[in-house]
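Novice:
Protein chains in written order, with this note's numbering: chain A, 7 to 767; chain B, 12 to 217.
Shown next as structure tokens:
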């Protein structure tokens, strides 16, 4: 099914009329209401703040430059749109193109849905569908006024954008192999679907201070579900009670990446399946009731769990659960959970082993995995940077119909899979994928790099994550021939800022974008994060080693991987290797790559990969020799970074208390280096430094981040307060303090970049 | 709001589309330098090289057979399109459109020719990009106005003939419906017989 028009003049020329009966009444009314809200906003009857939340809950986001300003590499220019005075949110222009996020529970897609996605992407967006790290699809460069029709067309094939954004329960993700995975305990698909349906628009899940992201995994060991980095979620478990097998979940709460990553805490070793929905409801209710509302940066569930402690949080949830009125939906879906979500299109008969070309052989080795059902395979379709064209997804829909039971799922590594492919069909499928330019091998290897949108389209992006990813893919592909097998299996993940949408914390090698003032200019950098664990549902997070100029990241990657090849012991994995050799030696390994040549010597360092514009050129000074002068602020910030690194080292050595103290000291050094510009005689006493920072920088709002507000400054005040109150560090709190110190220093760099006049000589 | 219904025109299947892409093909695609287009398009924004509210440049060169390098404007998108393995320049009207089908076709044709001429001129000194002028692809992404059907193809071909006659004069032109049957109606046109045209001449004729 498509939403294509049929011939004949009698066909209505409005999507609303044409699709009317194909949308349910409820969805139809909701979209009509949203269309009415657009009209109300246009008529000035809604405030920017209210309308922004309304459109976000409908999956309609802002996009970079939507404030009508863009630096073109020479000067900051105003984008003059037809509706120049009209806004769709605070500081967000009506006509500026935006992003639409489409929710796909557990990443599942049907062929019909893929057809319609192709249509809406080429009509309303740029004919590209971008698969995200949370199994959503994003369309970019969409005009607000076209979103109701876009929603209607998606709604006609059972897709919603409702609650894809906003302070609500976001897409429910799940392992893309659920149902066909050889190592799964059971298929979590129906449970993920039930949670998604139950919480969508649920009254108890509408009053959060921030979003909540759930996830499900079929087994503990593999990484596909990433439960431990989510707000809440379950890993499939079974137990025997009186000789009867009972299904349930090892259930976690309070995980999350973002600026300060938290590992989820174990809520229940075995949450019986019939308790899944009521417990999710009670978690939502407790989060809505007690979660932070005013300070956005502390409003995720992870902060509430950390603040209350898991024991108290659990007690509150169970207490709430006791008081819930019975809801038939809690268990209604359980009658069907043993039926597969999908199944084979073709029965297995005699399968002949085909002769494979070298290309086919490689693809079979990297992109094809066996299912638990004998004779069937899962085929991974590698999408570079998660992008697929409208033509390609339409063709892929054809292949889904031809080769599988219409069963496509997206992965958290931004790829797509076809399941229930007969082994004997693999050569023909490979050939057909090749005709669509979708038969690239080496999925889920070193060169299959995950990247968030970054500066391409995201308002928060600092450095170009996609530009770097594109460069690294080319660079590493060229070196593939000489690469050791252990290196080929590593994972690289890149975020454009600290918010971690690229999931850099969990990669073997992660990068996140930062900015540094060097030689009087702003230079795009990436923090190098090593030692994250992808397996065991994101079992542990890496820590930043050092910020390296973006231009030197390919060389840094070569050094790190070669060091691993040269120094690994036996079958040592990368994470164990990083732990053994220590972050200090890895930092030393990269030390010379931190240097930035003068602007006159190599201007490429002063631009992002794939973007010839000079990086934040508006902040540049006029003196060509200015780069040779380093301000006291820069010295101070560099000293604070060294302290943070020292703190990380202490933590690695098991000294939580020392690590926490040094992280605190690092924040003080950074704060003092800035405050001294305002108060030259400022001493080193912590109370004096914090007071001066508050008076001169924080209270006037100078230190506030354009998007995060006072979030980072508040880190300093809280840590300072903790130290006055006999703070006793644990490994978790020390780690959190290090992360916060890192972010405080990044904010100090940002402040310095925003405000510094270049020192001329 | 501009979620416009195309006007009903008697019993016609086709109406004036809001969205419409026109693609011209590069002559030597082996010599085509994708990375260079990123610099060129950024410079076009700095210099307001072609009419429109120019917003940003987007690099999709990592997508095989994809949009290549995309120059986003409020009114249109311009891409170094690589669909079907053939590199070209596609100018797609997206918003703020008005007028009849003929006027919309002419507007899109002028848009792509002007962009192609600018690109030829800006690359003239080194590895010049040149465009074939004897073939054009039309992609009607506005499905409400132009459904992807044989009836629509039959109806739109005379409109195209009419518009193209104004550009090429009395020549024979072949039209072929190409692309996926569920994709947007896509029509490939090719001038048959002798004759040479350059972009400037075609723009003047449009």
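No residue lacks a Cβ here, since even glycine has one placed at the ideal position from N, Cα and C. Since this is a predicted model, take the numbers as computed values, not measurements.
1) May I ask which residues mark the beginning and end of the beta strand (DSSP E) holding residue 200 of chain B?
2) According to a CB-to-CB cut-off of less than 7 Å, which residues of the segment 77-97 of chain B neighbour chain A?
3) Could you pull out every unbroken alpha helix (DSSP H) segment of at least 4 residues lying fully inside the segment 182-243 of chain A, listed in chain order?
4) Is the shortest distance between the beta-carbon of residue 232 of chain A and the beta-carbons of chain B less than 9 Å?
5) Is the Cβ of residue 41 of chain B closer than 9 Å to any Cβ of chain A?
6) Report yes or no: is there a C-beta of chain B within less than 9 Å of the C-beta of residue 80 of chain A?
7) Between residue 170 of chain B and the rest of its own chain, which residues show a CB-CB distance below 8 Å, the 5 nearest in sequence each way excluded?
8) Taking the Cβ atom as the reference point for each residue, do residue 100 of chain B and residue 84 of chain B lie within a distance shorter than 9 Å?
9) Starting from residue 35 of chain A, trace the alpha helix (DSSP H) in both directions and tell me its first and last residue.
10) May I have a chain-ordered list of the beta strand (DSSP E) segments no shorter than 3 residues that lie completely inside the segment 484-520 of chain A?
11) For residue 152 of chain B, which residues in chain A fall below 7 Å Cβ to Cβ?
12) Given this structure, state the Cα-to-Cα distance separating residue 342 of chain A from residue 112 of chain A, to the nearest angstrom.
13) Cα-Cα, which of A/309, A/447, A/110 is closest to residue 4 of chain A?
14) Would you mind sorting residue 344 of chain A into buried or exposed? The rule is 16 or more other CB atoms within 10 Å of its CB.
15) For residue 741 of chain A, I'd like the list of residues in its chain whose CB is within less than 7 Å of its CB, leaving aside the five on either flank, ordered along the chain.
16) Examine the Cβ distances between the segment 176-188 of chain A and the segment 415-425 of chain A and report whether three or more of them are shorter than 8 Å.
17) Between which two residues does the beta strand (DSSP E) harbouring residue 1 of chain A extend?
18) Hey, how far is the Cα of residue 115 of chain A from the Cα of residue 407 of chain A?
19) Report the three-state DSSP secondary structure of residue 528 of chain A (helix, strand or coil).
20) Look at the alpha carbon of residue 105 of chain B and the alpha carbon of residue 727 of chain A, and state the distance between them as a whole number of angstroms.
21) Going straight from the alpha carbon of residue 629 of chain A to that of residue 757 of chain A, what length do you get?
22) For residue 98 of chain B, is the beta carbon positioned less than 8 Å from some heavy atom of the ligand ATP?
23) Just the C-alpha distance for residue 552 of chain A and residue 640 of chain A, rounded to the nearest angstrom, thanks.
24) For the segment 62-76 of chain A, which residues have a beta carbon sitting closer than 8 Å to at least one beta carbon of chain B?
25) Is residue 195 of chain B close to chain A, meaning its C-beta is less than 9 Å from at least one C-beta of that chain?
26) Enumerate in chain order the residues of its own chain whose CB-to-CB distance from residue 565 of chain A is below 7 Å, with the five nearest sequence positions on each side excluded.
27) Between residue 211 of chain B and residue 458 of chain A, what straight-line distance do the alpha-carbon atoms span, to the nearest angstrom?
28) The segment 170-183 of chain B: which residues have C-beta closer than 8 Å to a C-beta of chain A, in chain order?
29) Could you check whether the Cβ of residue 86 of chain A sits closer than 9 Å to any Cβ belonging to chain B?
30) From the DSSP output, which residues share a beta bridge with residue 393 of chain A?
31) Determine whether the Cβ of residue 608 of chain A lies closer than 9 Å to any Cβ atom of chain B.
32) Mind pulling the chain A residues with CB within less than 7 Å of residue 106 of chain B?
33) Taking the alpha helix (DSSP H) that residue 583 of chain A belongs to, which residues open and close that run?
34) Output needed in chain order: residues of the segment 49-74 of chain B with a Cβ under 7 Å from some Cβ in chain A.
35) Count the other CB atoms within 10 Å of the CB of residue 746 of chain A; is the residue buried (16 or more) or exposed (fewer)?
36) List, in chain order, every chain A residue whose beta-carbon is nearer than 9 Å to that of residue 188 of chain B.
Specialist: In this structure, then:
1) Here the beta strand (DSSP E) through residue 200 of chain B covers 196-203.
2) Listed in sequence order: 77, 78, 81, 83, 85, 88, 94.
3) Segments of the alpha helix (DSSP H) lying fully in the segment 182-243 of chain A: 195-205.
4) Taking 9 Å as the threshold, the shortest C-beta distance from residue 232 of chain A to chain B does not fall below it.
5) Taking 9 Å as the threshold, the shortest C-beta distance from residue 41 of chain B to chain A does not fall below it.
6) Using a CB distance cut-off of 9 Å, residue 80 of chain A counts as an interface residue toward chain B.
7) So the list reads 25, 112, 113, 116, once near-sequence residues are dropped.
8) No; because the gap between Cβ atoms is not below 9 Å, this pair is not in contact.
9) Per DSSP, residue 35 of chain A belongs to the alpha helix (DSSP H) from 31-48.
10) Runs found: 498-501.
11) The contacting residues are 128, 129.
12) Taking the straight line joining both Cα atoms gives about 17 Å.
13) Nothing in the structure corresponds to residue 4 of chain A, since chain A is present only between 7 and 767.
14) So residue 344 of chain A ends up on the exposed side.
15) Excluding positions up to five away in sequence, the list reads 657.
16) Taking one beta carbon from each stretch, the segment 176-188 of chain A and the segment 415-425 of chain A have 3 or more pairs nearer than 8 Å; the two touch.
17) Residue 1 of chain A is absent from the structure shown; chain A starts at 7 and stops at 767.
18) Answer to the nearest angstrom: the Cα atoms are 12 Å apart.
19) Three-state result, residue 528 of chain A: strand.
20) Residue 105 of chain B and residue 727 of chain A: Cα-Cα distance of roughly 55 Å.
21) With a pLDDT of only 27 at residue 629 of chain A, under 50, the local geometry of the prediction cannot be trusted, and the value read off the model is given with reservation. The alpha-carbon atoms of residue 629 of chain A and residue 757 of chain A are separated by roughly 21 Å.
22) The model on display carries no ligand, and the ligand ATP is accordingly not part of it.
23) If you take the alpha carbons of residue 552 of chain A and residue 640 of chain A, they lie about 16 Å apart.
24) Flagged, chain order: 70, 71, 76.
25) Taking Cβ atoms only, chain A reaches closer than 9 Å to residue 195 of chain B, which makes this a yes.
26) For residue 565 of chain A, same chain residues with a beta-carbon under 7 Å away, outside a window of 5 residues either side, are 595, 596 in chain order.
27) C-alpha separation (whole angstroms): 42 Å.
28) Within the segment 170-183 of chain B, no residue qualifies.
29) For residue 86 of chain A, the answer is yes, since a Cβ of chain B falls inside 9 Å of its Cβ.
30) In the DSSP assignment, the residues bridged to residue 393 of chain A are A/136.
31) Chain B contact via Cβ: absent.
32) Neighbours of residue 106 of chain B in chain A, taken as residues at a C-beta separation under 7 Å, are given in chain order as 149.
33) First-last of the alpha helix (DSSP H) with residue 583 of chain A: 580-596.
34) Of all residues in the segment 49-74 of chain B, 49, 50, 53, 56, 57, 64, 66, 67, 69, 70, 71, 73, 74 have a Cβ within less than 7 Å of some Cβ in chain A.
35) Within 10 angstroms of the beta-carbon of residue 746 of chain A lie 16 or more other beta-carbons, which makes it buried.
36) Those within 9 Å of residue 188 of chain B in chain A number zero; the least Cβ separation is about 14 Å.
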